[in-house]
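Start counting the sequence shown at 129; every next residue gets the next number (the numbering used here).
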Amino acid sequence: MPQKIVTCSGCRAPYLQNVDTSQRLRVAACPTCGGYGIMDMGNGFSLTQLPHPRVLRTSRWDCRMIERTLEGSTQYRALLVNSLELAGFGFIGFHGCGADSACSMMRGGIDPEKNTNGARGKGFYVGSRHDGTPRTWATIAERNGQGRATILAVYVRKFSELAYGADYDWGLMDGDDGVDKDGLEIVFRSEVCNRLYVVPAIDTTMSPLWQDCPHDSLQFDERPKVRRAATEMGLDYAKLAGWIMREELDKNLTPKQIERLESFFS
129 MPQKIVTCSG CRAPYLQNVD TSQRLRVAAC PTCGGYGIMD MGNGFSLTQL PHPRVLRTSR
189 WDCRMIERTL EGSTQYRALL VNSLELAGFG FIGFHGCGAD SACSMMRGGI DPEKNTNGAR
249 GKGFYVGSRH DGTPRTWATI AERNGQGRAT ILAVYVRKFS ELAYGADYDW GLMDGDDGVD
309 KDGLEIVFRS EVCNRLYVVP AIDTTMSPLW QDCPHDSLQF DERPKVRRAA TEMGLDYAKL
369 AGWIMREELD KNLTPKQIER LESFFS
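See the structure below:
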């Protein structure tokens with residue numbers, strides 16, 4: 129169960145609150161003086177139990193915003209998205225899951241301990257296409273009894289500051305996937321999950337942040353080796369990567385070329 133730091137609005141005393149992500153979100157009052165609490169949500173956002181007209185909703189949320197967004201309110205979702213964008217967050221893609229996980233992430237944040245250990249290692253997986261791989265993940269979650277299939281829109285804070293290879297890896301899930309059908313994917317490492325926020329997806333438009341994503345299923349440390357091999361062997365990198373993904377090297381390279389390619393990985 130996640131714990132959040134809460135500060136009393138009256139006596140300013142800090143206290144911890146357990147957040148039961150299976151229950152409607154609330155902020156407990158101060159146990160000392162009874163004043164309303166201000167919960168630290170991270171990345172400059174705070175949460176209160178009730179709305180406060182004199183406080184801008186770009187930095188202070190109230191529990192209704194999250195709960196009614198979960199219930200399907202497009203108005204409250206727009207308020208959340210507006211505050212995220214003003215704080216330097218950009219939309220990057222979609223995450224498919226069951227409704228239980230969606231509620232947990234909206235109420236308590238993304239728990240690194242629950243991250244998936246998938247094809248690109250452990251982390252939080254995000255897809256580029258709404259009806260691609262995220263739809264598949266959501267359908268599987270529903271079949272496994274994790275609540276109705278749900279697709280979330282994922283926002284990341286200052287993506288340009290993250291380091292490829294250290295903070296995230298991206299590309300195709302595997303060589304059989306198609307960019308137009310399944311989409312691309314990115315996995316954020318556990319250490320940077322605190323830079324992510326999710327809201328229920330409405331729009332299905334693909335984020336422009338994917339324009340630099342490789343269209344192959346190679347790993348981070350494999351790509352520079354394949355690129356060097358392609359350059360020195362006079363081959364097109366995209367074609368060579370495709371042959372590796374589809375296990376078609378024998379059809380397109382001579383034994384001597386394959387031996388040369390293997391030398392870049394030894």
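Beta carbons: idealized from backbone N, C-alpha and C, even for Gly.
The ligand GTP heavy atom lying under 7 angstroms from the CB of residue i
i: W265; result: By its list of ligands, the structure shown contains no ligand whatsoever, and the ligand GTP lies outside what it can speak to.
Buried or exposed (CB count within 10 angstroms, at least 16 for buried), residue i
i: R205; result: buried
i: R271; result: exposed
i: M167; result: buried
i: P142; result: exposed
i: L214; result: exposed
i: S391; result: exposed
i: R140; result: exposed
i: C161; result: exposed
i: P262; result: buried
i: D344; result: buried
i: A366; result: exposed
i: S232; result: buried
i: T197; result: buried
The beta strand (DSSP E) enclosing residue i, as first and last residue numbers
i: Y253; result: G249 to G255
i: E376; result: Element bounds for E376: n/a, residue is neither H nor E.
i: E241; result: Here E241 belongs to no beta strand (DSSP E), and DSSP marks it neither H nor E.
i: W189; result: R188 to D190
i: R285; result: A277 to R285
i: E313; result: E313 to F316
Top-ranked residue by Cα proximity to residue i, from the options
i: V282; options: Q145, P328 and L312; result: P328
i: G251; options: L212, L208, R323 and Q274; result: R323
i: I220; options: S187, F316, T135 and A366; result: F316
i: A294; options: R276, M301, H258 and I314; result: I314
i: L153; options: G138, S137, S345 and M193; result: M193
i: D305; options: R351, N210, K379 and G260; result: G260
i: R248; options: C136, N146, F348 and S394; result: F348
i: L312; options: P342, P240 and E350; result: P342
i: S288; options: E319, S256 and F217; result: F217
i: M301; options: N146, G170 and T264; result: T264
DSSP three-state assignment for residue i, whether helix, strand or coil
i: D297; result: strand
i: Q145; result: strand
i: I194; result: helix
i: E199; result: coil
i: L178; result: coil
i: K367; result: helix
Endpoints, alpha helix (DSSP H) assigned at residue i
i: M361; result: R351 to M361
i: E213; result: T202 to L214
i: S391; result: P383 to S391
i: P119; result: Outside the displayed span of the chain (129 to 394) sits residue 119, for which this structure offers no information.
Cα-Cα separation, residue i to residue j
i: T278; j: G246; result: 19 angstroms
i: A357; j: K384; result: 13 angstroms
i: V388; j: R355; result: For the sequence presented, residue 388 should be read as Arg rather than Val. If you take the alpha carbons of R388 and R355, they lie about 13 angstroms apart.
i: G362; j: C321; result: 40 angstroms
i: T135; j: D190; result: 15 angstroms
i: V307; j: P336; result: 15 angstroms
i: I133; j: E375; result: 51 angstroms
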